[in-house]
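Protein chains in written order, with this note's numbering: chain R, 40 to 496; chain S, 4 to 127; chain A, 0 to 145. Note that beta-carbon positions come from the ideal geometry of N, C-alpha and C, so glycine has one too. First comes the structure, then the notes that go with it.
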Amino acid sequence: MILALPLAIAWFSAVLLAPLNGRRRWVGWLSIVLLSASFAALLWLSVDVLRDGANQVVAGGWEPGVGITLRADELGIVFAVVSIGALLVALVYEVINGVHESFFPALVLFMATGLTGLFLTGDVFNFYVFFEISMASAFVLSGYGREQRQLRAALIFTVVNLLGSVIFLSGVTALYHVTGTLDMGQISRLIGERTASSSILIGVLFLVAFSIKLGLFPFHFWLPPIYRDSWPSVATIFAGALANIGSYGLIRFGAELLEPVLRFGAPVLIILGAGSVLYGSLQAITVRTSSEALAYSAVGNAGYILLGLAIGGSAGYFAAVLFALVNPVNKVILFLASDLRGWLAGAAFAIGAFSVAGIPPSAGFFGKLLLFQASIDDGNPWLVALIFIGGALSFLYMLRIYQRGFWADGKTDLFSPFWARALVLSVALLVVALGFWPEPMLSISRQAADVLLLGGH
Amino acid sequence: MILLLSLTVAVLFGSGAYLLMKRDLIRVAAGITLISNSAVLFIIAAALRRGEAPIYPLPHDGLISDPLVQAMALTAIVISFGFTTLLLSLIYRLFVMHHSVDQEDLADAEREADGELEPEHIWR
Amino acid sequence: MTTVLTKMVARLLLLPSFVIALAMLVHGYINVGDGFSAGVVASSGVALQYIVFGWRESETRFPAWRFAPQVAFAGIMLVLLVVFVPVALGKPILTHYPRSHMHVVHLGSIEFLTAVLFDVGVFLLVFGFIVTTISMFARAAERSHS
Numbered sequence: 040m041i042l043a044l045p046l047a048i049a050w051f052s053a054v055l056l057a058p059l060n061g062r063r064r065w066v067g068w069l070s071i072v073l074l075s076a077s078f079a080a081l082l083w084l085s086v087d088v089l090r091d092g093a094n095q096v097v098a099g100g101w102e103p104g105v106g107i108t109l110r111a112d113e114l115g116i117v118f119a120v121v122s123i124g125a126l127l128v129a130l131v132y133e134v135i136n137g138v139h140e141s142f143f144p145a146l147v148l149f150m151a152t153g154l155t156g157l158f159l160t161g162d163v164f165n166f167y168v169f170f171e172i173s174m175a176s177a178f179v180l181s182g183y184g185r186e187q188r189q190l191r192a193a194l195i196f197t198v199v200n201l202l203g204s205v206i207f208l209s210g211v212t213a214l215y216h217v218t219g220t221l222d223m224g225q226i227s228r229l230i231g232e233r234t235a236s237s238s239i240l241i242g243v244l245f246l247v248a249f250s251i252k253l254g255l256f257p258f259h260f261w262l263p264p265i266y267r268d269s270w271p272s273v274a275t276i277f278a279g280a281l282a283n284i285g286s287y288g289l290i291r292f293g294a295e296l297l298e299p300v301l302r303f304g305a306p307v308l309i310i311l312g313a314g315s316v317l318y319g320s321l322q323a324i325t326v327r328t329s330s331e332a333l334a335y336s337a338v339g340n341a342g343y344i345l346l347g348l349a350i351g352g353s354a355g356y357f358a359a360v361l362f363a364l365v366n367p368v369n370k371v372i373l374f375l376a377s378d379l380r381g382w383l384a385g386a387a388f389a390i391g392a393f394s395v396a397g398i399p400p401s402a403g404f405f406g407k408l409l410l411f412q413a414s415i416d417d418g419n420p421w422l423v424a425l426i427f428i429g430g431a432l433s434f435l436y437m438l439r440i441y442q443r444g445f446w447a448d449g450k451t452d453l454f455s456p457f458w459a460r461a462l463v464l465s466v467a468l469l470v471v472a473l474g475f476w477p478e479p480m481l482s483i484s485r486q487a488a489d490v491l492l493l494g495g496h
Numbered sequence: 004m005i006l007l008l009s010l011t012v013a014v015l016f017g018s019g020a021y022l023l024m025k026r027d028l029i030r031v032a033a034g035i036t037l038i039s040n041s042a043v044l045f046i047i048a049a050a051l052r053r054g055e056a057p058i059y060p061l062p063h064d065g066l067i068s069d070p071l072v073q074a075m076a077l078t079a080i081v082i083s084f085g086f087t088t089l090l091l092s093l094i095y096r097l098f099v100m101h102h103s104v105d106q107e108d109l110a111d112a113e114r115e116a117d118g119e120l121e122p123e124h125i126w127r
Numbered sequence: 000m001t002t003v004l005t006k007m008v009a010r011l012l013l014l015p016s017f018v019i020a021l022a023m024l025v026h027g028y029i030n031v032g033d034g035f036s037a038g039v040v041a042s043s044g045v046a047l048q049y050i051v052f053g054w055r056e057s058e059t060r061f062p063a064w065r066f067a068p069q070v071a072f073a074g075i076m077l078v079l080l081v082v083f084v085p086v087a088l089g090k091p092i093l094t095h096y097p098r099s100h101m102h103v104v105h106l107g108s109i110e111f112l113t114a115v116l117f118d119v120g121v122f123l124l125v126f127g128f129i130v131t132t133i134s135m136f137a138r139a140a141e142r143s144h145s
């Protein structure tokens with residue numbers, strides 16, 4: 040029963056909030072309470088899953104191959120916790136600063152519904168349906184705010200991601216045609232016996248679909264305009280929650296469902312990941328505005344996840360999962376802090392910058408460390424050099440953004456609301472705390488990554 | 004049969020992709036519709052068995068038609084219908100703002116708006 | 000769009016479209032049709048009224064269509080209740096009643112299952128959503144032309 044609880048709370052709340060006017064303070068705070076309730080149910084479920092193992096229920100009481108399987112395993116639940124947490128922080132930030140349009144709280148809850156559903160499902164087509172629910176909320180959120188530039192960026196975002204959804208649907212159909220089932224566990228068992236040509240084609244379809252979602256080079260072109268022109272809370276939602284669909288999809292579909300294809304295509308993935316890291320970092324140094332630099336930083340960081348997956352094995356998957364979990368938290372801090380003024384916000388931004396560059400003590404340091412370890416184990420000196428260069432470049436562009444934002448004169452006399460700064464600082468302090476005491480984070484990520492190594496259930 | 008369906012899916016997808024790269028936004032919306040429908044046809048093509056209804060007790064020697072593909076195709080049609088509505092609303096909102104659905108006009112308007120902003124404002 | 004012929008045809012087609020929608024809704028288990036297609040057919044009839052007569056006259060004649068958003072809201076609440084109430088009773092989600100061993104209530108050849116409630120909810124949601132969208136487009140078009 041507790042498996043359906045977060046989804047039920049989020050969905051009912053979203054529908055109940057839809058006719059209300061989100062600009063009123065009580066509606067905003069009601070939405071925060073409801074989203075916190077869903078988040079709390081998710082935390083309860085995660086304690087249950089991390090202690091006792093995966094939790095599974097089949098809709099309608101049918102057998103696992105016949106009905107739709109809802110499955111909460113360690114990998115899905117940690118992604119769900121990070122994504123809904125990012126949504127909660129963005130919602131609180133926006134309510135503190137004053138909501139601009141009446142549909143914002145309801146949309147955030149619809150996105151929470153979509154994300155919870157897709158992280159906690161074991162059926163490929165059900166994943167597609169919740170993926171579309173999240174994307175529909177994102178399309179409407181991308182038009183949030185009344186400026187002209189945001190609408191054009193919203194149009195590009197909508198068209199490109201609709202194309203990505205169609206490619207994903209084609210991949211799902213091809214997977215069904217080739218294996219005859221939609222259940223993730225059965226697919227991972229059956230895919231090894233299918234012909235290589237069809238499996239590789241399916242792998243390419245999923246790679247393209249999730250690269251569009253995550254913003255990997257060369258599918259990233261929709262990303263900078265929408266991150267640059269959105270409100271900070273919307274950019275936070277995109278970077279901290281929506282991009283997780285891409286990283287989770289690559290990890291789940293690549294490493295678990297289509298493992299033979301991933302091993303076969305590892306060299307190509309290393310090149311793509313390296314291209315993303317270098318392109319994103321170099322572009323971030325040269326662009327004019329800070330939000331654009333943060334957008335290219337997101338492109339660069341996405342490459343590390345692909346590198347971790349391509350290296351493979353226990354170390355590679357561990358690095359990829361940890362990086363994919365720490366990265367959204369960093370982005371939440373960076374996007375929110377870059378909108379605030381004052382030395383508290385500057386400190387929070389600095390912590391986020393250290394975490395992205397991989398400097399201790401921060402959670403991001405462990406992500407980079409594990410990637411170093413995995414590439415050293417793999418015996419690939421170019422990869423080690425690449426990760427080091429990527430870290431140095433990210434430190435460089437973070438310094439530029441910090442300089443432009445927090446050291447320039449004439450801006451220190453304006454102070455933003457105290458609670459907004461306190462919120463961002465508390466997330467930043469969490470990152471520092473994880474840097475000093477990484478053991479829980481590491482063991483949880485290790486548990487999540489081991490799900491991939493076990494293969495079929 | 005499979006060749007015919009594959010060719011149709013390819014032609015639909017190709018026409019839709021061609022329309023996506025046009026200047027007029029209504030053609031872009033039409034392109035998205037064609038592409039979504041090509042995906043739906045691909046779903047139906049995934050199980051091309053015409054047989055008895057899949058309800059127990061099953062006939063032992065006959066073919067059974069696949070109901071899962073029909074359910075998936077219907078879901079995909081509903082989803083693409085909702086997204087087409089969303090895309091058309093977005094295009095309409097752009098039209099109301101700029102009185103044009105031409106992408107060149109929209110880009111020009113954006114460049115003008117860019118030029119009017121002060122450096123301080125575009126820091127963010 | 001407003002010749003005498005189109006007006007007459009639009010008036011004539013409204014009620015049959017509702018009847019066909021209802022038939023599709025009810026026969027969805029044996030023949031072609033389900034909640035979604037029923038909703039689309041019913042709202043096509045309504046959309047024709049909006050296109051031919053404009054929103055003011057249509058909503059004057061059928062004031063019920065002004066409540067289309069509420070209809071959509073009722074539809075999705077019904078769907079969510081059918082999906083999640085079994086969870087409160089300890090069963091997996093979307094468990095339909097009556098179960099296979101239980102007695103089914105009949106009305107002629109129509110059976111009463113929670114699946115029928117689910118389809119009615121989907122019908123209300125789709126009908127309400129499409130009518131709301133059409134009415135909003137009609138209002139916005141009038142506002143931009145004036």
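What residue does the beta strand (DSSP E) around Val138/R start on, and which one ends it? Neither: Val138/R is in no beta strand (DSSP E) and is coded neither H nor E.
Where Trp83/R falls, given that 16 or more other Cβ within 10 Å makes a residue buried: Flag for Trp83/R reads exposed.
For chain R, check one thing: does any of its Cβ atoms lie closer than 8 Å to the Cβ of Ile92/A? It does; some Cβ of chain R falls within 8 Å.
Do Ile195/R and Trp261/R have their C-beta atoms within less than 8 Å of each other? Trp261/R is positioned such that its CB atom lies closer than 8 Å to that of Ile195/R.
Can you name the residues of chain R whose CB is closer than 7 Å to the CB of Phe83/A? Per Cβ cutoff of 7 Å: Ala43, Ala47.
Around the C-beta of Leu51/S, are 16 or more other C-beta atoms found within 10 angstroms, so that it is buried, or is it exposed? Flag for Leu51/S reads exposed.
Which chain R residues are close to Phe45/S, counting only those with a beta carbon under 7 Å from its beta carbon? What Phe45/S touches in chain R: Ser209, Thr212.
Give the straight-line distance between the Cα atoms of Glu113/S and Gln106/S, rounded to the nearest whole angstrom. Their backbone Cα atoms lie some 10 Å apart in a straight line.
Cα separation between Glu102/R and Leu297/R? Spanning the two alpha carbons is a distance of roughly 24 Å.
Is Gly100/R close to chain A, meaning its C-beta is less than 8 Å from at least one C-beta of that chain? Answer yes: the Cβ-Cβ gap between Gly100/R and chain A drops below 8 Å somewhere.
From Pro144/R to Glu133/R, what does the alpha carbon distance come to, in whole angstroms? Cα to Cα, Pro144/R sits roughly 9 Å from Glu133/R.
Provide the residue(s) that pair with Ala111/R in DSSP beta bridges, ordered along the chain. Beta-bridge pairing links Ala111/R to Asn94/R.
Which residues of the stretch 78 to 91 of chain S have a Cβ closer than 7 Å to any Cβ of chain R? Give them in chain order. Those would be Thr78, Ala79, Ile82, Gly85, Phe86, Leu89, Leu90, in chain order.
Measuring CA to CA, which of Glu478/R, Lys407/R, Leu244/R is closest to Gly293/R? The residue with the shortest Cα to Cα distance from Gly293/R is Leu244/R.
Could you name the residues of the same chain whose beta carbon sits closer than 6 Å to that of Val247/R, not counting the 5 residues immediately before and after it, in chain order? So the list reads Ile206, once near-sequence residues are dropped.
Compare the C-alpha of Leu114/R against each of Glu140/R, Leu361/R, His259/R and name the closest. Nearest Cα to Leu114/R within the set Glu140/R, Leu361/R, His259/R: Leu361/R.
Would Val168/R pass as an interface residue toward chain S - the criterion being a Cβ-Cβ separation below 8 Å? True, the Cβ-Cβ gap to chain S drops below 8 Å.
Cutting at 6 Å between CB atoms, please list the residues of its own chain near Phe393/R, excluding the five before and the five after it. Sequence-distant partners of Phe393/R (beyond 5 residues in either direction) whose C-beta falls short of 6 Å from its own C-beta, in its chain, are Ser401.
Nearest chain R C-beta to Ser39/S closer than 8 Å, yes or no? So, interface residue.
Let me see if you follow: with CB-CB separation under 8 Å, is Met40/R close to chain A or not? Cβ-Cβ to chain A under 8 Å: yes for Met40/R.
Taking DSSP as the reference, what is the three-state secondary structure of Leu106/A? In the structure shown, Leu106/A adopts extended strand secondary structure according to DSSP, grouped into three states.
So what does DSSP say about Glu55/S, is it helix, strand or coil? Residue state, collapsed to three classes: strand.
Could you work out which residues of chain C lie near Gly182/R, taking near to mean beta carbons separated by less than 8 Å? Note that chain C does not occur in the displayed structure, where the protein chains are R, S and A.
Which parts of the stretch 343 to 387 of chain R are runs of the alpha helix (DSSP H), unbroken and 4 residues or longer, counting only runs that do not cross its ends? Counting whole runs of 4 or more residues, the stretch 343 to 387 of chain R contains the alpha helix (DSSP H) stretches 352 to 376.
Within a Cβ cutoff of 6 Å, which residues of the same chain sit near Leu69/R, ignoring the five residues on either side of it in sequence? Cβ neighbours of Leu69/R within its own chain (closer than 6 Å, five residues either side excluded): none.
Where do the ends of the alpha helix (DSSP H) carrying Trp50/R lie? From DSSP, the alpha helix (DSSP H) with Trp50/R extends over 44 to 56.
In whole angstroms, what separates the C-alpha of Ile226/R from that of Ala79/S? Answer to the nearest angstrom: the Cα atoms are 21 Å apart.
Is Phe505/R helix, strand or coil when you go by DSSP? A query on residue 505/R cannot be resolved here, the shown segment of chain R reaching from 40 to 496 and no further.
Take Ser320/R as the anchor and find which of Leu159/R, Ala278/R, Ala396/R has the nearest alpha-carbon. Ranking Leu159/R, Ala278/R, Ala396/R by Cα distance to Ser320/R puts Ala396/R first.
Can you say whether Phe249/R is buried or exposed, counting buried as having 16 or more other CB atoms within 10 angstroms of its CB? The residue is buried, with at least 16 neighbouring Cβ atoms inside 10 Å.
Apart from the five residues on each side of it in sequence, which residues of its chain come closer than 8 Å, Cβ to Cβ, to Gly449/R? Residue confidence is low: Gly449/R scores 47 on pLDDT, short of 50, so the model does not pin down where it sits. No coordinate-derived value is stated.
Helix, strand or coil, according to DSSP, for Ile67/S in the structure here? Ile67/S falls in the strand class under three-state DSSP.
Would you check if there are 3 or more beta carbon pairs closer than 8 Å linking the stretch 370 to 389 of chain R to the stretch 317 to 337 of chain R? Yes, they touch.
Keeping to the same chain, check which residues put their C-beta closer than 7 Å to that of Phe497/R; ignore five residues upstream and five downstream. Here chain R covers residues 40 to 496 and nothing more, so residue 497/R does not appear.
Does the beta-carbon of Thr275/R have 16 or more other beta-carbons within 10 angstroms, so that it is buried, or is it exposed? It counts as buried.
Note the first and the last residue of the continuous alpha helix (DSSP H) segment covering Leu14/A. Annotation: the continuous alpha helix (DSSP H) that includes Leu14/A extends over 3 to 25.
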